[in-house]
Amino acid sequence: MDGKIISGIQQIGIGVSDVHAAFRWYRQNFGMSVPVFEEAAEAALMLPYTGGEARSRHAILAINMQGGGGFEIWQYTSRTPEGPSFQPQLGDLGINIAKMKSKNVDATYDLFNRRGLNVLGELQKDPYGKPTFFIKDPWDNIFQIVTSNSWFQQRKTDLPGGPNGAIIGVTDIEKARTLYSDILGYDTVTYDEEGVFDDLKAIPGGDKKVKRVLLRHSKAREGAFSPLLGASEIELVVAVNRKPQKIFENRFWGDLGYIHLCYDINGMEALKTECESKGFPFTVDSANSFDMGEAAGHFTYVEDPDGALIEFVETHKVPIMKKIGWYLNLKKRDPKKSLPRFMLKAMGLSEVKD
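Mapping the sequence shown onto full-length UniProt numbering, position 292 (from 1) lands on 292, and the numbers just tick up by one.
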């Protein structure tokens, strides 16, 4: 195959202190109820980001059958995961906030308030005029609930779908767009604003002046999982009147917080060539194939200009129905063609129901 295909956000990595408690909370409140894999092992390939030592961890990749990306819920088992030594604020460098898509933001807001969850502030409108609000999980991660019309299955629930983007703190938006627009394909500017914004005031640092740019794709995504992953967006934020700090300064990948943003891709060699030519060499490369028992593929990492970790996964094997041992080999498929909807829906048969 010539060139690369980026199908969408496969998952956002979240470092937590209790992987099973986090999976329970995320499935009950965010609908992330289908475990694609669960594995306890050593993260032997992430040495540049784990102090040069292979670290033991327990990870669960969970998805939402309404669509969107997944969560890679990640807990160190060989050490106690560390939180930041300071209170991260909007515009600090790295992944600030995960965006979760909702069919009806007002209804999701009401549901979360009825449940007594840690909703931050009131329902607001973003610069595009759409309703939005923020919520914090029990592990201090902040999520933004945003409107979306990109759905795989529309269930009768006011719970959100999976993640469809992120707010990322950067120092220079144009430099960052070399990665996010030129390589990842977020080529459409939905809004480009500077000021103090009502919709951000409820989050740490959100009452200060920032520059914010919301980026989306102009072209529909292709690839095996594109109908499930759906459309996504990236919001780049610059702190205008202060020097931002790196959220993961003096900490390891896998510590508490958003550890990476992962894209489902095809054509890893073409992607490697493009990334290198634009100044984003792979810093981790699993080479050929990783095998996590229930899933297999090829993964790599790059850093954005401010050090945020972006992961790429070329999936080779994925469980469709684990109960009967149905696994799909993707190596021989047309990489542009999406999987049949019945296959993608079958992944939901392993859903955990509380």
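C-beta: ideal position from N, C-alpha, C; glycine also. Computed from a prediction, not measured in an experiment: that's the story for all the values here.
If the five residues before and after L215 are omitted, its C-beta is found closer than 8 Å to the C-beta atoms of R177, Y180, S181, Y186, D187, T188, V189, T190, E233, I234, E235 and L236, all from its own chain and listed in chain order.
Taking C-alpha positions only, K101 is separated from N250 by approximately 32 Å. Contact between the stretch 7-25 and the stretch 246-261 is present: 3 or more CB-CB pairs across the two stretches fall below 8 Å. Here T50 has A43, F252, W253 and G254 as same chain residues with Cβ atoms under 7 Å from its own Cβ, once five neighbours each way along the sequence are excluded. Bounds of the alpha helix (DSSP H) holding P227 are S226 to L229. By the neighbour-count criterion, in which 16 or more other beta carbons inside 10 Å mark a residue as buried, N104 falls on the exposed side. Cβ-Cβ distances below 6 Å link L339 to A224 in the same chain, with the five nearest sequence neighbours on each side left out; the list follows chain order. Of the candidates P227, A62, W139 and G169, G169 places its Cα closest to the Cα of D304. Distance check between D199 and each of I145, F312, T108 and D92 places I145 closest, using alpha-carbon atoms only.
Where R341 is concerned, the enclosing alpha helix (DSSP H) starts and stops at R341 to A346.
Judged by beta-carbon spacing, R114 lies beyond the 8 Å limit of D354, meaning their Cβ atoms are not closer than that value.
Your pair K99 and N266 does not check out as a contact, with CB atoms roughly 24 Å apart and the cut at 8 Å. When only Cα atoms are considered, F152 and L344 end up about 9 Å apart.
Ranked by Cα distance from K331, the first of G297, N96, L93 and H20 is G297.
Using a Cβ-Cβ distance cut-off of 8 Å, the stretch 57-69 and the stretch 22-38 are in contact, since at least three pairs of beta carbons, one from each stretch, lie closer than that value.
The beta carbon of Q124 sits closer than 7 Å to the beta carbons of T132, F133, D198 and D199 from its chain, once the five residues preceding and following it are set aside; these are given in chain order. Segment contact: the stretch 72-85 against the stretch 52-59, three or more CB-CB distances shorter than 8 Å; contact assigned. If only complete runs of 4 or more residues are kept, the stretch 161-244 shows the alpha helix (DSSP H) at 173-177 and 226-229, in order along the chain. Distance check between G165 and each of E314, G230 and K175 places G230 closest, using alpha-carbon atoms only. Beta-bridge annotation (DSSP): E303 is paired with L309.
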